[in-house]
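*Asks:*
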Amino acid sequence: MKNVKFGLIAMLLMLSSGCNPDLEPVSYDEINPSIFPTSESDVEALVAAAYYPLRGSWWDGIHTTSENGLAFTLDSSTEILMGEYGIQEAGTYHSWTPDEEGATRPYDMFYNKISSMTLSIDRIEKSEAIESVKKLAIAEIKCARGFLAYELFDMYGPIVVAPLEVLLNPLQEEPLARLPYDEMVNFIEQNLLDASRDLKGPDKTPYGRFSQGMARMILIRLYLHEKRWADVETQANAIMAMGHYQLEEDYVGLWDLNGATDSKEVIFSIPSDYAGTSENQWQLMVLPSNYPDGAGWGTVQSSWAFYDSFEPDDVRKTNLIAEYTGTDGITYNRANPGDFIQLGPLALKINADADREGEFTTVDIILYRYADVLLSKAEAIANSDGAPNQEAIDLVNQIRTRAKIAPVALGDYSDLESFNTLILLERSHEYWCENGQYRSDLIRHGKFTEYNKDLVGPLSQSNKNKEVFPFSFERINEGKGKFLQNPGYTN
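Mature numbering (1 follows the signal peptide of the UniProt record, and there is no 0) puts the sequence shown at residues -21 to -1, 1 to 470.
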């Protein structure tokens, strides 16, 4: 097992009673603000509480690599992943409804964590801790709050964000409406701008914690969502000017057992361990029961359409397993898929970790990388100017060169439509099974429904309304008329 020595793991251990029988779990929503926080360690505990829902955990971590996690759910709505049951089947056909727990669970489980973070910020501001400690702590929590709010906004559209005065009067029942669209965007943006100002640079930030680079990376994702091209370029330039990040030569090696820990490409990654502090169970989800390097449940596969979209020598498809010899001695491939790769290859992505203990692996969960900065800047340049230029092409070619495939020429992608199609292809190849943001890329370019219909034909139930997910009936009912369902979903 890797030496788990990083700041985030240490913080999360304080909150996870399962890791140490002497540690009692603390509910940070039920503390007495008149006596907490009073010390630097109290402030650090509130920061830890903000990271906690963002980790990988089947039950209460939004970045779990299971069917309860964002990447699994969102990639299942694209050609990257397909399935025959559960949220992966609903994603394959865009058939989810408000009754589909996998579609509504991320909001139901995590929307109230934003309120917890708001209360934590208020408590820290009122504390007598050292100002420099307070400043950094608030920046980390604002980054967590902006990050989580963006992810829920990207999935559902505007959400409920309870104001502080409501949170400070919990005994007064007050149903709340979802924020107006512009207020939602402004809320996310301001949290991340504040965080980017007060967080430390990546060279001074412990692995697994938020840096200025991460705050700016989520701002890029927000500005891409809003097609604010000049702002995308501004944030990309700011990250590049840090002089810290660079592409790794070995794409596949990023997902080795210790591939992310010292990487200058990784902007944010969640450390994983066997103790259950933060769990990565991806092999369990994608590998079939007869896989020779550790059996799994085979809950999801990629699609052959996705596999065929790669150029033959592209190293990024290395761990899209199109053929393997099972423990039964039979070789499975496209011609002889059995019940294991009939939809497409195994979307392994990460090191198989054949010696992993039980259900989990210690391969860390990479969420954002410098490669995204380069492709985002290329997209912003082209869409801002109405056509790509040589700089945009050069940025794309940095990604392609690392992938061991030939560079593209400006003359072959001189119009905006062809360049954006190229960007979507490169994004799918570069980020498959990482953070699920390829879905948002398809939506941004008006291709979400088109690509789904290309994938599954007349079985597709996709339409414009499927660009956001539904809320559960429970949330609608408790809103007492103020909380409105997304269009296209029956209340």
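Don't be surprised by glycine CBs; every beta carbon is placed ideally from N, CA and C.
(1) So is S419 buried or exposed if we call it buried at 16+ other beta carbons inside 10 Å?
(2) Spatial neighbours of V145 within its chain, please: C-beta separation below 6 Å, excluding the five flanking residues on both sides.
(3) From which residue to which residue does the beta strand (DSSP E) around R348 run?
(4) What first and last residue would you give for the alpha helix (DSSP H) that runs through V265?
(5) With the cut-off set at 7 Å, would you say E119 and F189 are in Cβ contact?
(6) Under a three-way DSSP split, which group does G35 fall into?
(7) Just the C-alpha distance for E429 and F448, rounded to the nearest angstrom, thanks.
(8) Taking the Cβ atom as the reference point for each residue, do L325 and V265 lie within a distance shorter than 7 Å?
(9) Please classify L327: is it buried, with 16 or more other beta-carbons within 10 angstroms of its beta-carbon, or exposed?
(10) Looking only at its chain, what residues have a beta carbon closer than 7 Å to the beta carbon of D101, apart from the 5 residues adjacent to it on each side?
(11) To the nearest angstrom, how far is it from the Cα of Q377 to the Cα of E370?
(12) Report the option in M96, Y417, Q191 whose CA atom is closest to the CA atom of R176.
(13) Who are the near neighbours of P386 in its chain, counting only those whose CB is closer than 7 Å to its CB and skipping five residues on each side?
(14) Reducing DSSP to helix, strand and coil, say where A(-12) ends up.
(15) For T97, count neighbouring Cβ atoms within 10 angstroms of its own Cβ and tell me buried if that reaches 16, exposed if not.
(16) Please say whether I249 and G35 have beta carbons closer to each other than 7 Å?
(17) Report all residues from its chain with a CB closer than 7 Å to the CB of T306; omit the five preceding and five following residues, and keep chain order.
(18) What's the C-alpha gap between P466 and K445?
(19) Taking a contact to mean a Cβ-Cβ separation below 7 Å, would you say T304 touches T310 in this structure?
(20) Closest to T341 by C-alpha separation, out of M61, S55, P149, W234, would be which residue?
(21) So, at 7 Å on beta carbons, what are the nonlocal neighbours of M193 in its own chain, with the 5 sequence-adjacent residues on each side left out?
(22) Measuring only the C-alpha atoms, how far is A427 from L421?
(23) May I ask you to verify whether the segment 450 to 464 touches the segment 73 to 88, counting CB pairs closer than 8 Å and requiring at least 3?
(24) Should Q321 go down as buried or exposed, given a rule of 16 or more other Cβ atoms within 10 Å for buried?
(25) Kindly indicate which residue of F51, S56, S106 has the alpha-carbon position closest to the one of S20.
(26) Give me the Cα-Cα distance between Y64 and S45, rounded to the nearest whole angstrom.
(27) Would you call the segment 455 to 462 and the segment 84 to 95 in contact, with 3 or more CB pairs under 8 Å?
(28) Quick one, which of V294, L172, T400, G136 has its alpha-carbon nearest A156's?
(29) Taking only runs of the beta strand (DSSP E) that begin and end inside the segment 302 to 353, which ones reach a length of at least 3 residues, in chain order?
(30) Tell me which residues share the same chain as residue 472 and place their Cβ nearer than 8 Å to its Cβ, disregarding the 5 neighbours each side in the sequence.
(31) Identify every residue that forms a DSSP beta bridge with V231.
(32) Just checking, does the segment 197 to 206 make contact with the segment 171 to 185 on the three C-beta pairs under 8 Å criterion?
(33) Who are the Cβ neighbours of Y7 in its own chain at under 6 Å, not counting the five residues just before and after it?
*Replies:* Taking the definition as stated:
(1) As a working mapping, residue 419 is identified with position 440 in the sequence shown. The residue is buried, with at least 16 neighbouring Cβ atoms inside 10 Å.
(2) Here residue 145 is taken as the residue at index 166 of the sequence shown, counted from 1. These residues qualify, in order along the chain: E153.
(3) Mapped onto the sequence shown, residue 348 falls at position 369. Start and end: 344 to 348.
(4) The sequence position of residue 265 within the sequence shown is 286, counting from 1. V265 -> alpha helix (DSSP H) spans 261 to 265.
(5) Position 140 of the sequence shown holds residue 119. Position 210 of the sequence shown holds residue 189. In contact: E119 and F189 (Cβ atoms closer than 7 Å).
(6) Translated into positions along the sequence shown, residue 35 becomes position 56. Here G35 sits in strand by DSSP.
(7) As a working mapping, residue 429 is identified with position 450 in the sequence shown. As a working mapping, residue 448 is identified with position 469 in the sequence shown. Distance between the alpha carbons of E429 and F448: 17 Å.
(8) Looking up residue 325 in the sequence shown gives position 346. Looking up residue 265 in the sequence shown gives position 286. A contact, by the Cβ cut-off of 7 Å.
(9) Taking the sequence shown and counting its residues from 1, the one referred to as residue 327 is at position 348. Per the 10 Å Cβ criterion, buried.
(10) Your numbering for residue 101 matches position 122 in the sequence shown. Hits under 7 Å: L143.
(11) Counted from its first residue, the sequence shown places residue 377 at position 398. Counted from its first residue, the sequence shown places residue 370 at position 391. So the two alpha carbons sit approximately 11 Å from each other.
(12) As a working mapping, residue 176 is identified with position 197 in the sequence shown. That would be Q191, whose Cα lies nearest to the Cα of R176.
(13) The count along the sequence shown starts at 1 and reaches residue 386 at position 407. Answer for P386: N376, R379, T380, listed in chain order.
(14) Residue mapping note: residue -12 aligns to position 10 of the sequence shown, counting from 1. In this prediction, A(-12) has a pLDDT of 44, which is less than 50 and means its spatial position is unreliable; what the coordinates show is noted afterwards. DSSP places A(-12) in helix when its eight states are reduced to three.
(15) One-based indexing of the sequence shown puts residue 97 at position 118. With 16 or more Cβ atoms within 10 Å of its Cβ, T97 is classed as buried.
(16) On the sequence shown, position 56 is the one that residue 35 refers to. On the sequence shown, position 270 is the one that residue 249 refers to. Yes.
(17) Numbered from its first residue, the sequence shown carries residue 306 at position 327. The answer, listed in chain order, is N269, P271.
(18) Walking along the sequence shown from the start, residue 466 turns up at place 487. Walking along the sequence shown from the start, residue 445 turns up at place 466. Their Cα atoms are separated by approximately 9 Å.
(19) Locating residue 304 in the sequence shown gives position 325, where the first residue counts as 1. Locating residue 310 in the sequence shown gives position 331, where the first residue counts as 1. For T304 and T310, yes; Cβs fall inside 7 Å.
(20) For the purposes of this step, residue 341 is taken as the residue at position 362 of the sequence shown. Cα-wise, what sits closest to T341 is W234.
(21) If you number the sequence shown from 1, residue 193 lands on position 214. Excluding sequence neighbours, M193 sits near C122, I246, F247, Y347.
(22) For the purposes of this step, residue 427 is taken as residue 448 along the sequence shown, with counting starting at 1. For the purposes of this step, residue 421 is taken as residue 442 along the sequence shown, with counting starting at 1. Reading the sequence as shown, one finds Phe at residue 427 and not Ala. Cα-Cα distance, rounded: 5 Å.
(23) yes
(24) Taking the first residue of the sequence shown as position 1, residue 321 is located at position 342. Per the 10 Å Cβ criterion, exposed.
(25) Translated into the one-based positions of the sequence shown, residue 20 becomes position 41. Out of F51, S56, S106, S106 has the C-alpha closest to the C-alpha of S20.
(26) The count along the sequence shown starts at 1 and reaches residue 64 at position 85. The count along the sequence shown starts at 1 and reaches residue 45 at position 66. Cα to Cα, Y64 sits roughly 14 Å from S45.
(27) no
(28) Locating residue 156 in the sequence shown gives position 177, counting from the first residue. Comparing Cα-Cα distances from A156 to each of V294, L172, T400, G136, the minimum goes to G136.
(29) 344 to 348
(30) In the structure as shown, the chain starts at -21 and stops at 470, and residue 472 therefore has no counterpart that could be examined.
(31) The residue labelled residue 231 in the question sits at position 252 within the sequence shown. According to DSSP, V231 bridges with nothing at all.
(32) yes
(33) Here the question's residue 7 lines up with position 28 in the sequence shown. Residue placement at Y7 is flagged as unreliable, the pLDDT there being 48, under the threshold of 50; the coordinate-derived value follows with that caveat. Excluding positions up to five away in sequence, the list reads A28.
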